[in-house]
Amino acid sequence: MGPESEFSRGRELELEASLIEAFLSSEGDEVFARLAAALGKAFPGRGGVVAWAESWGRYRIATEDGESQFTLEADAWARLPGDRGWGGDAQRILGLAAPNRPRHDIDTVLLRDKGELLGFVGLAGSEGSLPLPASELALLSRAVAPLQAFAAERVRQARLESVREMTSQALAKSERRFQDFIESSSDMIYIMDASGAVVLINKAGEELLGLPRSRILGRGYASFCPFEVDRAYFMDRLKAEGSVRDFEMTLQRSDSALVFVSESASAVLDAEGSIAEVRGIVHDITERIEAQREIWKANMELAEANSALKRTQTAMVQQEKLASIGQLAAGIAHEINNPLGFLISDFRVLREAATSVSGLLETARRAGDTLVERSIREEGLDYLIEEMPKIFIEMEEGFARIAEIVANLKTFARTEEDESRTAYDVNEGVRKSLAIARNEIKYVADVEFDLGSPPNVQANSGEINQVFLNLLVNAGQAIASQSRPERGKIKVSSGAGKGMAWVEIEDDGPGISEGVAKRIFEPFFTTKEPGKGTGLGLSISYDIITRKHKGKILFHRAPTGGTTFRIELPVDPAAKEADNG
Amino acid sequence: MSPDQEDAGLLCAAHLGTAASLSLKGSPPFAAGLRIEGSLGNEAGLDLLRDVEGIIRRCPGLLELELDLTGLNYASSTAVGALASIYVETTARRIELRILDPGAQVMMVLEVLGFASFLPIVRKAGGRGA
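Taken in order, these protein sequences are the chains called S and Z. At position 20 of the first sequence (counting the first as 1) the number is 21 in the numbering used here, and the numbers step up by one without a gap. At position 74 of the second sequence (counting the first as 1) the number is 126 in the numbering used here, and the numbers step up by one without a gap.
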C-alpha cells in the first residue's frame, strides 16, 4: 500500500468513524443533519446531504444548513442516472433543503436494505464545481457501507414514526369530522353507556333539553323522560330488536316543558346480551304534533257540530211534519164534526118517529086489528120492534164515541204557537191521549189509574198530549213485543209536589238495557223493528218537556223489568225559570 | 276465536309487532269489536283507519264499534291521529265508538295530544290503569 493509498485509507477510516460517531451521538432526526455535517467536513468544498425515506414515496432531506421534505415517486429513483449527477432533481432537492445556498450537481451513494432504497448520502458541489472524482466517490461509498444496517433501522423507525403520526393525524381529522358532523346536526344525538348515563351529547341536544353539555354528561338519560312507561317499553324493544326506529316519546326540558320527540336508536350489546351502549338520534316533533293536535281537534269539533246539526235539522223536519199532521187531523176532525152533528140530530128525530110508530103498531095489535097483526107477522117486524130500543142505544153510543174521538182529535192536535200557553190539566191530557192510544193498548194491556189532583200548569196542550201519547204507545208496544200469554199492565199516576205537577206512566214490559238507556233520548235511536218506529218520539218529547216547558222527563228501570217514565211540569214556569237562572 | 270472529283481511294486522282481530255481533251486524295488540306505528295506524272504514262499508247497520286497546303497548302520534279520524267517521255515521282500556303509554299520547278529553275512552273493570 502506497502513501496515497494509506492516506486514502486513513481518510476513509476517519470518515467512517465520524459518521458512526454522528450516528451514535444523536437521537431522532438529528442524526441526519449530523451525518450531513460530518460528510461536509470530510470533503471540503462540498456540502453534505443525507436523504432518507420517511414513508413510502415521501422523503426527508438534511443538509448542514437545514432540513426539508420532498416527495418522490418510487419509480423516480429508478430513473436516477446512477450514483451521481442528478441535475434538475438534485437542484430541486437541494433547493428544498437549503434555499439560500444554490448548488448544482450532487454525487450520491444510495443506501439500500435488501434491495429497498432507503435513501442516500451525497455531496453537493457549488456552482461550477467539477464532479467528485471516482476515487472520492468510492471512498465515500466504502465509508458509508457500515452505516447501511444502522440506516435501515433508523429509516424503519422513522417510517414507523411517520406512520404513527399520519395515523394519529388521520384519526384526529376523522374525530374532527365526526365532531363537526354531530355538532352540525339539527337533531339531538346522544350516546348512553351501560349504566344509562349520557356520555355524548351534541349542541342540538343541549338546546332540546335546555341544559349545557356539562350538566347533561354523566346524568341518566331516563331522568329526562317524564313517563317511565314509554322509556321502559323503548328499552325493552331496543334490547329485543337491537334497534328501534321512529319511536315517539316525551322528554322533559330543564324548564319542565314537555317535548314530543321521535327517536331512532341502536344498541351495542355485550357478550352476555346486555346493553353496553345506546346510540340515539332524537328528532323534535313538538311543532308537528301541536299543529296536528289543532287540526284533529278542529276536525272532531266539526264532526260533532255536523252531527248535532243533522240531528237538529231532522228533528225540526219531523216536528214540522208532526205539526202538519196535527193540522190535518184537526181539519179532518172539523170536517167529521159537521156531518156528525146533523147525523146525531137526524138520528134523534128518527128515533122519536120510530118509537112513535112502534107504539102505534103495538096499540093496534092490542086493539085486535087483524090487518096490522098479519102485516107484522108477514113482514117479520116482531123482532125489529123488540130489538129497536137496543139498536138505538148502540147507535147513540156509537155517535157518542165518534163525537168523543173527534173532540179528542181537535184537542190533541190543537195548533198553538210554540210560545202560547194555556191552563192545562195533566189528568185530562193523559186521558185524552189514552183515548187516542187505545188501539195500541187495548189488546195487550189493562190500564190502571191512580190520579191525584195536581194543579193546572201553563202548557201547550197539543205538545204535552203528544208526549203522553208517545209514552203510552211505547208502553203498549213494549208489552206487545214480549208476545206473552197474559195481559200486561200500564199504570198511570199523577200528583204534585215541589212546585211541579207530575204524571207517571209505568209498564211491566221487558224494560230497557243500560246501553239503550244511554241513548234513549237521541234522535233516530230505536229498538223497534224496522217500520215500527222512527226513533224520534222520545227525542221530541225530551225537547218539548225540558226545553220548551222547562220541565223534566225521567225514567226508571226496575231490576225485574218494566219501565216508569215520569213527566214533571212546573206549576209556575216563570218561577222555575227564575230559580234556574 | 269464536264463530263470530274473524281476522282475515285486516290491514293493520300485517304490520310487524301489530296483532288485530275482529268480532261482529248480529246478522246483519249491529256491533263490531276490534282488538288491537302489540304496537301501532304510523303505517299500522293508518291501516287501522282503513280497516275501520272497510268495516263500516261492509256493515251498513252498524250501531256500535268497540276498539279494545287492552293489549296495545305503544301507539305513535299518527296512530293516535288515526283513532281521532275513526271517531270523526263514526260520529258522522251515528255509530257509538268505545275505546276500551288503552295502556299507559297510549293514554299518555292521547293526553299529550289533547284527545283524551274528546275520545270516548272506557276503562274495563279491573283493567289496567294509566
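Ideal Cβ positions, reconstructed from N, Cα and C, are used throughout, including at glycine. Computed from a prediction, not measured in an experiment: that's the story for all the values here.
Asked, Found
"Stretch-stretch touch, CB-based, cutoff 8 Å, three pairs: the segment 475 to 482 of chain S with the segment 444 to 451 of chain S", "yes"
"Distance between beta carbons of G93 of chain Z and A131 of chain Z, contact taken as under 8 Å", "7 Å"
"Beta strand (DSSP E) runs wholly inside the segment 549 to 578 of chain S, at least 3 long, in chain order", "553 to 558 and 564 to 571"
"Whole-angstrom distance between L115 of chain Z and I173 of chain Z, CA atom to CA atom", "17 Å"
"Residue span of the alpha helix (DSSP H) that contains T142 of chain Z, given as start and end", "S129 to A144"
"Within 7 Å of chain S by C-beta, residues of the segment 117 to 144 of chain Z in sequence order", "N125, Y126, S128, S129, G133, A136, Y139, V140, T143 and A144"
"Closer than 8 Å to chain S by CB, A156 of chain Z", "yes"
"CB contact below 8 Å: T313 of chain S versus chain Z", "no"
"Between the CA atoms of M193 of chain S and L165 of chain Z - distance to the nearest angstrom", "28 Å"
"Which listed residue (S:E208, S:H284 and S:R143) has its alpha carbon closest to that of R254 of chain S", "S:E208"
"Test: G90 of chain Z CB closer than 8 Å to a CB of chain S", "no"
"Pick from S:A223, S:R402, S:K240 and S:L362 that is closest to D271 of chain S, judged by C-alpha positions", "S:K240"
"Any chain Z beta carbon closer than 8 Å to R583 of chain S", "With chain S represented from 2 up to 582, any question about residue 583 of chain S goes unanswered, as that position is not in the structure."
"Closer than 8 Å at the beta carbon, the chain S residues around L165 of chain Z", "I290, Q293, R294 and W297"
"Stretch pair the segment 76 to 91 of chain Z + the segment 561 to 576 of chain S: three plus CB contacts closer than 8 Å", "no"
"Minimum C-alpha distance to G453 of chain S - residue among S:I491, S:A476, S:S495 and S:T423", "S:S495"
"Nearest-angstrom beta carbon gap, V493 of chain S and V407 of chain S [assumed within contact, 8 Å]", "So it is not a contact: roughly 23 Å between Cβ atoms."
"Spatial neighbours of W297 of chain S in its chain, beta-carbon cut-off 8 Å, leaving aside the 5 residues before and after", "none"
"Between the CA atoms of E388 of chain S and M317 of chain S - distance to the nearest angstrom", "54 Å"
"Per DSSP, the bridge partner or partners of Y191 of chain S", "S:I202 and S:G281"
"Classification of L16 of chain S by the beta-carbon crowding that lies within 10 angstroms, buried from 16 upward", "buried"
"Chain S residues whose Cβ lies nearer than 8 Å to that of F170 of chain Z", "K298 and M301"
"Span separating the alpha-carbon of L161 of chain S from that of L118 of chain S", "16 Å"
"Identified DSSP bridge partners for M317 of chain S", "Answer is none; M317 of chain S lacks a bridge partner."
"Closest Cα partner of K42 of chain S within the set S:Y543, S:A334, S:L141 and S:A52", "S:L141"
"Buried versus exposed call for I107 of chain S [16 or more other C-beta atoms within 10 Å across all chains shown]", "buried"
"Amino acids of chain Z, ordered along the chain, whose beta-carbon sits closer than 9 Å to that of L329 of chain S", "Result: empty, since nearest Cβ-Cβ is about 30 Å, beyond 9 Å."
"Rounded distance between the beta-carbons of A39 of chain S and A23 of chain S, thought under 8 Å", "5 Å"
"Opening and closing residue of the alpha helix (DSSP H) in which E586 of chain S lies", "Outside the modelled stretch of chain S, which goes from 2 to 582, sits residue 586 of chain S, for which no answer is possible."
"Cβ-Cβ distance between S421 of chain S and L470 of chain S below 8 Å", "no"
"Three-state secondary structure (DSSP) of D370 of chain S", "coil"
"Residue from S:Y222, S:R548 and S:I202 with nearest C-alpha to S215 of chain S", "S:I202"
"Beta carbon proximity, D231 of chain S to chain Z, threshold 8 Å", "yes"
"Cβ contact (3+ pairs, closer than 8 Å) linking the segment 455 to 465 of chain S and the segment 549 to 557 of chain S", "yes"
"Option nearest L62 of chain Z by Cα separation, candidates Z:S73, Z:L68 and Z:L171", "Z:S73"
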